[in-house]
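Novice: Quick note: the sequence shown uses numbering that gives the first Met the number 0, first residue 0, plus one each step. Glycine included, every Cβ here is placed at the ideal spot set by N, Cα and C. Here the structure is a predicted model, which is why all the values come from computation and not from measurement.
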Amino acid sequence: MGMITGMHRNREWFSSDGRSLSKIILSTTRLNNSTMKKRYFIKILLAIVIVIGSSAIIASCNKLNLTPLDKTTTATFYTKKADFDAGLFAAYSSLQDFYAINSATSYGGKNGWGSFWVVSMLASDDAEFNTSQGNSVSDVQDVDNLNLKSNNRFIFTMYAETYEGINRANIVLEAVENGRNNLTDAEKKEVVAEAKFLRGFFHFLAAQIWKTAPMVTETAKSLKATYKNSDPTALLQASLDDLKAAAVDLPSSWDAANTGRATKWTARAYEGKVDVWMQKWSDAVDAFEDVEKNGGFDLLPDYEDAFAASNENSNESIFEIQFGGPYSDDNNWIIDDNGNEDFKASQGSSRPYLFVARLDAGSNRWFVPTQQLKAVFDEEPGDKRLDAALYYKDGEDYTVYNSGGNVVTPGVFTTALPPADESQSSSGLAIKKYFGNKNIDVSYYRNAVSFNNERFFRYSELLLLHAEALLNGGAAKGVSTYQTADACINATRSRAGLSNLFGATIVDLQKEKQKELCFEPARYFDMIRWNIGGAKIFPFPQDEIDRNRGELIQNN
Numbered sequence: 000m001g002m003i004t005g006m007h008r009n010r011e012w013f014s015s016d017g018r019s020l021s022k023i024i025l026s027t028t029r030l031n032n033s034t035m036k037k038r039y040f041i042k043i044l045l046a047i048v049i050v051i052g053s054s055a056i057i058a059s060c061n062k063l064n065l066t067p068l069d070k071t072t073t074a075t076f077y078t079k080k081a082d083f084d085a086g087l088f089a090a091y092s093s094l095q096d097f098y099a100i101n102s103a104t105s106y107g108g109k110n111g112w113g114s115f116w117v118v119s120m121l122a123s124d125d126a127e128f129n130t131s132q133g134n135s136v137s138d139v140q141d142v143d144n145l146n147l148k149s150n151n152r153f154i155f156t157m158y159a160e161t162y163e164g165i166n167r168a169n170i171v172l173e174a175v176e177n178g179r180n181n182l183t184d185a186e187k188k189e190v191v192a193e194a195k196f197l198r199g200f201f202h203f204l205a206a207q208i209w210k211t212a213p214m215v216t217e218t219a220k221s222l223k224a225t226y227k228n229s230d231p232t233a234l235l236q237a238s239l240d241d242l243k244a245a246a247v248d249l250p251s252s253w254d255a256a257n258t259g260r261a262t263k264w265t266a267r268a269y270e271g272k273v274d275v276w277m278q279k280w281s282d283a284v285d286a287f288e289d290v291e292k293n294g295g296f297d298l299l300p301d302y303e304d305a306f307a308a309s310n311e312n313s314n315e316s317i318f319e320i321q322f323g324g325p326y327s328d329d330n331n332w333i334i335d336d337n338g339n340e341d342f343k344a345s346q347g348s349s350r351p352y353l354f355v356a357r358l359d360a361g362s363n364r365w366f367v368p369t370q371q372l373k374a375v376f377d378e379e380p381g382d383k384r385l386d387a388a389l390y391y392k393d394g395e396d397y398t399v400y401n402s403g404g405n406v407v408t409p410g411v412f413t414t415a416l417p418p419a420d421e422s423q424s425s426s427g428l429a430i431k432k433y434f435g436n437k438n439i440d441v442s443y444y445r446n447a448v449s450f451n452n453e454r455f456f457r458y459s460e461l462l463l464l465h466a467e468a469l470l471n472g473g474a475a476k477g478v479s480t481y482q483t484a485d486a487c488i489n490a491t492r493s494r495a496g497l498s499n500l501f502g503a504t505i506v507d508l509q510k511e512k513q514k515e516l517c518f519e520p521a522r523y524f525d526m527i528r529w530n531i532g533g534a535k536i537f538p539f540p541q542d543e544i545d546r547n548r549g550e551l552i553q554n555n
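(1) Can you tell me whether residue 136 is helix, strand or coil according to DSSP?
(2) Beta carbon of residue 218, beta carbon of residue 154: below 8 Å?
(3) Just reading off the alpha helix (DSSP H) that residue 412 is part of, what are its end residues?
(4) Provide the residue(s) that pair with residue 456 in DSSP beta bridges, ordered along the chain.
(5) Can you give, in chain order, each stretch of the alpha helix (DSSP H) that sits fully within the segment 150 to 205 and has at least 4 residues?
(6) Whose CA, out of 139, 239, 226 and 89, lies closest to the CA of residue 546?
(7) Given a cut-off of 8 Å on the beta-carbon distance, is the pair residue 460 and residue 551 in contact?
(8) Rounded to whole angstroms, what is the Cα-Cα separation between residue 540 and residue 238?
(9) Inspect the beta-carbon positions of residue 216 and residue 228 and report whether they are closer than 8 Å.
(10) For residue 497 and residue 382, what's the separation of their Cα atoms in angstroms?
(11) Which residues in the same chain have their Cβ closer than 6 Å to the Cβ of residue 535, if we skip the five residues on either side of it in sequence?
(12) Opposite residue 396 in the DSSP bridges: which residues?
(13) Three or more C-beta pairs closer than 8 Å, one from the segment 199 to 207 and one from the segment 158 to 173: is that the case here?
(14) Check whether the Cβ atoms of residue 559 and residue 303 sit closer than 8 Å, and answer yes or no.
(15) When the distance is taken between beta carbons, is residue 384 closer than 8 Å to residue 514?
(16) Based on Cα-Cα distance, which residue from 87, 79 and 130 lies nearest to residue 368?
(17) If residue 123 and residue 523 are in contact, beta carbons under 8 Å, what's the gap, nearest whole angstrom?
(18) Three or more beta-carbon pairs under 8 Å between the segment 447 to 467 and the segment 519 to 533, yes or no?
(19) Report the three-state DSSP secondary structure of residue 231 (helix, strand or coil).
(20) Can you tell which of 274, 222, 249 and 220 has the C-alpha that lies nearest to the C-alpha of residue 233?
(21) I need the boundaries of the alpha helix (DSSP H) containing residue 85, first residue and last residue.
(22) Would you kindly check if the distance between the Cβ of residue 397 and the Cβ of residue 411 is under 8 Å?
(23) Taking residue 215 as part of the alpha helix (DSSP H), name the residues at either end of that continuous run.
(24) Looking only at its own chain, which residues have a Cβ that is under 7 Å from the Cβ of residue 433, when we skip the five neighbours before and after it?
(25) Give every residue of the same chain whose Cβ lies closer than 7 Å to the Cβ of residue 270, excluding the five residues on either side of it in the sequence, and list them in chain order.
(26) Between the segment 74 to 93 and the segment 175 to 186, can you find at least three pairs of beta-carbon atoms closer than 8 Å?
(27) Please name the residue in 201, 173, 299 and 376 whose C-alpha comes closest to that of residue 266.
(28) As a quick exercise: from 116, 142, 96 and 158, pick the residue whose alpha carbon is nearest that of residue 542.
(29) Based on the DSSP secondary-structure assignment, which residues constitute the bridge partners of residue 348?
(30) Which one of 314, 486 and 198 has the shortest CA to CA distance from residue 300?
(31) Measuring only the C-alpha atoms, how far is residue 404 from residue 278?
(32) Could you give the DSSP three-state label for residue 488: helix, strand or coil?
(33) Applying the 10 Å Cβ sphere with the 16-neighbour rule, what's the burial state of residue 321?
(34) Are the segment 492 to 507 and the segment 82 to 90 touching by the rule of at least three beta carbon pairs closer than 8 Å?
(35) When the Cα atoms are used, what is the spatial distance from residue 557 to residue 290?
Here is the structure:
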């Protein structure tokens, strides 16, 4: 929003319940069958197809007892731990689609590239749609202007991917409980915990975007199934309950081959975040202090290092969206990570294509910073995060990945506004976070996508959430180093080269959080929660309103 005034993967769609769209997560023709993980993945795809399609078979041939020709059903697929891991990985892969160049949700022309950036970052006052070079994508411009429509394909994509993730988590949970597997009791606890984390994560996201979104705790059993609005508090509580359960049985850490999977401390951190949304301030403080003392997280000395491709899953990252690539080849659980570089690019993010404000870099140049964000930085000169997050100086080195040529192209930034220089930005600014000299190795990229993980929840955000809980009356527990809001806020300010605050206010917290987390997931949803800047919840896709036959009521 301006001033406050994947590569396509040949996915096939199915109607799972007459309401929502479900699908195969990846075309089996592009999988590498040489690895055990890929073999399991093919099987999970087949199992998902059967779950999705069985109701349709019954509806059209209700007098026949049909068995799938390949004999793979949910009854036969989910037997050993590796099968359940494959089902969990499928749920994680829905997160990757939030950022894909060509999302799998291209049903009926509703393909929303990089949809999560549109509904979070662009909707906020951090970024605006770059109208330079004649960009005119109406659905993007509408979100930038907070003209939120029920037929917007980016909103559709987010809804489809969010409920796809919930459905996949539910499939795993039901398979654990059906009694037809050979999991040990310990394995069952771990699988259930990870599936509940994922379901809780997606439900929390749905609550932030749509507020009254449906709560879905089981797979659809009928084509006639419909879903209605949830009570907002009940939806947040369901998410919180799942996260609490997950924190009990998830491991405190994973081995190197599974780096990036949710841990006990990931779940505990999200517990605290949901508590903040529910204004359970003391519960939030309890969760945050526990994570601060026991989770093993810390702020990196250099802010810019937190976003370097060579520094994925650092001590500052609580949760990242994992992509394949040269720095995650040991993460064997990532769906795309055992393929060649072109295959990995099918699950990379569209960041270089949508963020780089240069025509000669083959980019589409959708997102640029607002002058409003720059003004917040300018209130306190010397903030190191400004130089790490924004291109704003004439003559600054603007060496970036060239999406068109798969090379790194040198360049110089200029603040000149069109028509003086239409190759760059309508705001005279460009986004530097995730770019800059620490991200110019061409091996970080492939075919217009970035392999760099998306930092979804960082430790610095947790500290600032902790500060907010304390400012709102949450009781300090005496467990962690951070016992006051000032201490939490000054931790991020100190790294940025700023002086300490004493007696910080909510307004101080809000400004600090915007600077620390600019262009990251939190800002727009914070604006909704704080009721600032005209922020509002999103409408449900009209397709969902129609399919639910009066049960799902549109958000106002």
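Specialist: Checking against the coordinates, here is how it stands:
(1) As a first step, residue 136 is located in the sequence shown; it is residue number 137 there, counting from the start. Coil at residue 136, not helix or strand.
(2) For the purposes of this step, residue 218 is taken as residue 219 along the sequence shown, with counting starting at 1. For the purposes of this step, residue 154 is taken as residue 155 along the sequence shown, with counting starting at 1. Judged by their CB atoms, residue 218 and residue 154 are not nearer to each other than the 8 Å cut-off.
(3) For this step, residue 412 is matched to residue 413 along the sequence shown. Run containing residue 412: none; DSSP gives neither H nor E here.
(4) In the sequence shown, residue 456 corresponds to position 457, counting from 1. Answer is 318, bridged to residue 456.
(5) Taken in chain order, the unbroken stretches of alpha helix (DSSP H) that lie wholly in the segment 150 to 205 and span 4 residues or more are 152 to 176.
(6) By one-based count along the sequence shown, residue 546 stands at place 547. Checking every option, the nearest Cα to that of residue 546 belongs to 226.
(7) Here residue 460 refers to the residue found at position 461 when the sequence shown is read from its first residue. Here residue 551 refers to the residue found at position 552 when the sequence shown is read from its first residue. The Cβ-Cβ distance between residue 460 and residue 551 does not fall below 8 Å.
(8) What you label residue 540 is simply residue 541 of the sequence shown in a count that begins at 1. What you label residue 238 is simply residue 239 of the sequence shown in a count that begins at 1. Looking at the two C-alpha atoms, the distance is approximately 22 Å.
(9) Locating residue 216 in the sequence shown gives position 217, where the first residue counts as 1. Locating residue 228 in the sequence shown gives position 229, where the first residue counts as 1. In this structure, residue 228 does not lie closer than 8 Å to residue 216 by Cβ.
(10) As a first step, residue 497 must be located in the sequence shown, where it is residue number 498. As a first step, residue 382 must be located in the sequence shown, where it is residue number 383. Taken atom to atom, the span from the alpha-carbon of residue 497 to that of residue 382 is near 6 Å.
(11) Residue 535 sits at position 536 when you count from the first residue of the sequence shown. Closer than 6 Å at the Cβ level, and outside the excluded window around residue 535, lies no residue.
(12) Stepping through the sequence shown from its first residue, residue 396 is reached at position 397. DSSP lists 411 as the beta-bridge partner residues of residue 396.
(13) Between the segment 199 to 207 and the segment 158 to 173 there are three or more C-beta pairs closer than 8 Å, enough to call the two in contact.
(14) The structure shown does not extend to residue 559, since the chain is modelled only from 0 to 555, so the question has no answer here.
(15) As a working mapping, residue 514 is identified with position 515 in the sequence shown. As a working mapping, residue 384 is identified with position 385 in the sequence shown. Going by C-beta atoms, residue 514 is nearer than 8 Å to residue 384.
(16) The sequence position of residue 368 within the sequence shown is 369, counting from 1. Closest by alpha carbon: 130.
(17) Within the sequence shown, numbered from 1, the residue matching residue 123 stands at position 124. Within the sequence shown, numbered from 1, the residue matching residue 523 stands at position 524. That pair is a contact at about 4 Å.
(18) At 8 Å Cβ cutoff, the stretches touch.
(19) The residue labelled residue 231 in the question sits at position 232 within the sequence shown. In the displayed model, residue 231 falls within a helix according to three-state DSSP.
(20) Taking the first residue of the sequence shown as 1, we reach residue 233 at position 234. Here the closest residue by C-alpha is 274.
(21) The sequence position of residue 85 within the sequence shown is 86, counting from 1. 80 to 95 is the extent of the alpha helix (DSSP H) around residue 85.
(22) Locating residue 411 in the sequence shown gives position 412, where the first residue counts as 1. Locating residue 397 in the sequence shown gives position 398, where the first residue counts as 1. The criterion of a C-beta distance shorter than 8 Å is satisfied by residue 411 and residue 397.
(23) Translated into the one-based positions of the sequence shown, residue 215 becomes position 216. Annotation: residue 215 is outside any alpha helix (DSSP H) and is labelled neither H nor E by DSSP.
(24) Here residue 433 refers to the residue found at position 434 of the sequence shown. Taking C-beta separations shorter than 7 Å and ignoring five residues to either side along the sequence, the partners of residue 433 in its chain run 306, 350 and 451, following chain order.
(25) Translated into the one-based positions of the sequence shown, residue 270 becomes position 271. Correct list, in chain order: 239, 242, 243, 246 and 286.
(26) The segment 175 to 186 vs the segment 74 to 93: in contact.
(27) On the sequence shown, residue 266 is found 267 positions in, with the first residue counted as 1. Of the candidates 201, 173, 299 and 376, 201 places its Cα closest to the Cα of residue 266.
(28) For the purposes of this step, residue 542 is identified with residue 543 of the sequence shown, where counting begins at 1. If we check each option's Cα against that of residue 542, 158 comes out closest.
(29) Residue 348 sits at position 349 when you count from the first residue of the sequence shown. Residue pairing by DSSP places residue 348 opposite 449 in a beta bridge.
(30) Translated into the one-based positions of the sequence shown, residue 300 becomes position 301. Residue 314 is the option with its Cα nearest to residue 300.
(31) The count along the sequence shown starts at 1 and reaches residue 404 at position 405. The count along the sequence shown starts at 1 and reaches residue 278 at position 279. Cα-Cα distance, rounded: 49 Å.
(32) In the sequence shown, counting from the first residue as 1, residue 488 sits at position 489. If DSSP states are grouped into helix, strand and coil, residue 488 belongs with the helices.
(33) Translated into positions along the sequence shown, residue 321 becomes position 322. Around the beta-carbon of residue 321, 16 or more other beta-carbon atoms lie within 10 Å, marking it buried.
(34) Pairwise C-beta distances place the segment 492 to 507 out of contact with the segment 82 to 90, as fewer than three of them are shorter than 8 Å.
(35) This structure leaves residue 557 out entirely; the chain is present only between 0 and 555.
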